[in-house]
Each structure stands twice: as structure tokens, then as C-alpha cells.
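Numbering (this note's numbering), first residue to last: 1 to 220.
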């Protein structure tokens, strides 16, 4: 008989419900933006041949593109990448580590979607670090997109017009598949239970001093 760790399930239920609601809301905006864009194409407002992606503005040369509806590609990717880093660190059988590369590899292996070393490095240095610290992905000829035409694409990255593009549709689907799998995967909850304390304690230790100073400065 498999032991059910209710504490881990409660944590995962709260985590998954919170993140999934944000993803669902962002997907509504993304899909509405796509409908608005396609309507604009039919009315001649946008060039159908234009690369449909959020591009990183070049450092010294800025190109002006016609305004397009938001598809929330970057907020969706940030939400998924944060989930990948958190859950990947918690399922580590060797103990909790703050290491995006390691956590992402464990996450994608767990998702039965192994990706190459090069793709992991792209995801970490260009997308995760770029989005978290500068909103856009880092580098030139780098893009990120959410588009329903990519729903059938199984690749996380693809090339288009000499640009490397992150397929946010695929990133979302992989993340949500793990949400479904991990909640009832009691064997992996053993590692999560072992790592949760370190995860919580480390976060608490990192913030305790700053929170204490703020509170002491604002006491009535």
C-alpha cells in the first residue's frame, strides 16, 4: 500500500491551483490577442509574412514594428519557467539545490520530455535569465511566441527567418502535464517531502533580516 503524504499533496494543490489560474487567465488574453491579430490581417492592418514573435530589441539599433495585440508570451513563459525551477528543485532525489539548469533537467526528464544540453543552456541563459532580469530574451535574432498554429509542434525551440524561437505553447503544455502528473505521484512525494523543509527554511533565512528591519522601521 502506497503511503500518501497529505502535507506534500496540500502544498502541491495550493501551488498548482495558484499557478494554473494565472496560466489560464493569461491564455485567455493570448488567444483573444491572436483573434484580434488575425482580424487585423484580414483587414490589411498587419503583414501576414511578418515574423510573429516577441523579439528582443537590438542593443544599438531599434526597429519599429506595427502595433500588435498582446499574446502574453513573456508572462506565460515566466510563469512556466518559475514553476519548472521550483518543482524541479523539489523532486531532486539528491536534495534541494538552487540551480536552474539542474532543476530544469530533472523537470523535463520527469515530464518524459528530455531536452539536450544545448537547449537547457538556451533556456537558462537566454530565456530564464533574460526574462527575469530584462523582460526580453537575451541576445539578437532571439524570439518567443505563443500562437495556436504551434499547438501541434512538439519542439520547444525552432528556427524561423534565422531566428531562434521559444515555443511557449509547448512550454505551457509540458508544464501543465507535469501539474497533472505530480499531484498523485506518491513515490516522488518522498523527495519533495525531504526537500520542502530546506526550500522553506532557505527562503525564510534569505528574507528574515530584511523583513525584520522593515517591520522595526514601521512599528507604531
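For each residue, glycine too, the CB sits at the ideal point set by N, CA and C.
Only a predicted model underlies this, so the values are computations on that prediction, with no experimental measurement involved.
(request) May I ask you to verify whether the segment 133 to 143 touches the segment 152 to 167, counting CB pairs closer than 8 angstroms and requiring at least 3? (result) Contact between the segment 133 to 143 and the segment 152 to 167 is established, with three or more Cβ pairs separated by less than 8 angstroms.
(request) Could you give the DSSP three-state label for residue 165: helix, strand or coil? (result) Residue 165: strand per DSSP, three-state reduction.
(request) Closer than 6 angstroms by C-beta to residue 127: which residues in its own chain qualify, once you throw out the five before and the five after it? Chain order, please. (result) Result list for residue 127: 137, 166, in chain order.
(message) Going by beta-carbon coordinates alone, are residue 76 and residue 26 separated by less than 8 angstroms?
(response) Yes.
(request) Give the range of the beta strand (DSSP E) segment to which residue 222 is assigned. (result) Residue numbering for the chain in the displayed model covers 1 to 220; residue 222 lies beyond these limits and cannot be assessed.
(request) Compare the Cα-Cα distances from residue 88 to each of 11, 178, 154, 71 and report the closest residue. (result) Residue 178 is the option with its Cα nearest to residue 88.
(request) Could you say if the segment 8 to 18 and the segment 185 to 201 meet the contact criterion of at least three C-beta pairs nearer than 8 angstroms? (result) Contact holds: three or more Cβ-Cβ distances are below 8 angstroms.
(request) With DSSP as the reference, label residue 158 as helix, strand or coil. (result) DSSP places residue 158 in the strand class (E or B) of the three-state scheme.
(message) In this structure, how does DSSP classify residue 207 when only helix, strand and coil are distinguished?
(response) Residue 207 falls in the helix class under three-state DSSP.
(request) Measure the C-alpha to C-alpha separation of residue 202 and residue 212 and round it to an integer number of angstroms. (result) In a straight line, the C-alpha of residue 202 is about 16 angstroms away from that of residue 212.
(message) Give the list of continuous alpha helix (DSSP H) stretches no shorter than 4 residues that lie fully inside the segment 84 to 116.
(response) Taking only runs of at least 4 residues, the alpha helix (DSSP H) segments lying wholly in the segment 84 to 116 are 100 to 110.
(request) Rounded to whole angstroms, what's the CA-CA distance from residue 217 to residue 199? Just pull it up for me. (result) So the two alpha carbons sit approximately 28 angstroms from each other.
(request) Closer than 6 angstroms by C-beta to residue 22: which residues in its own chain qualify, once you throw out the five before and the five after it? Chain order, please. (result) Shown here for residue 22: same chain residues with a beta carbon closer than 6 angstroms to its own, the five before and five after excluded, namely 79 in chain order.
(request) Determine the closest residue to residue 147 out of 119, 91, 172, with distance taken between C-alpha atoms. (result) Closest option to residue 147, Cα to Cα, is 172.
(message) Using CA atoms only, rank isn't needed, just tell me which of 113, 131, 130, 175 is closest to residue 155.
(response) If we check each option's Cα against that of residue 155, 113 comes out closest.
(message) Looking at the strands, I want to know which residues DSSP matches up with residue 18.
(response) Partner(s): none; residue 18 has no beta bridge.
(message) Below 8 angstroms on the Cβ atoms is my contact criterion, and I expect residue 124 with residue 100 to pass it. Report the Cβ-Cβ distance as a whole number of Å.
(response) Their Cβ separation, rounded to whole angstroms, is 5 angstroms, which keeps residue 124 and residue 100 in contact under 8 angstroms.
(message) Relative to the C-alpha of residue 120, which candidate in 185, 176, 105 has its C-alpha closest?
(response) Ranking the options by Cα distance to residue 120, first place goes to 105.
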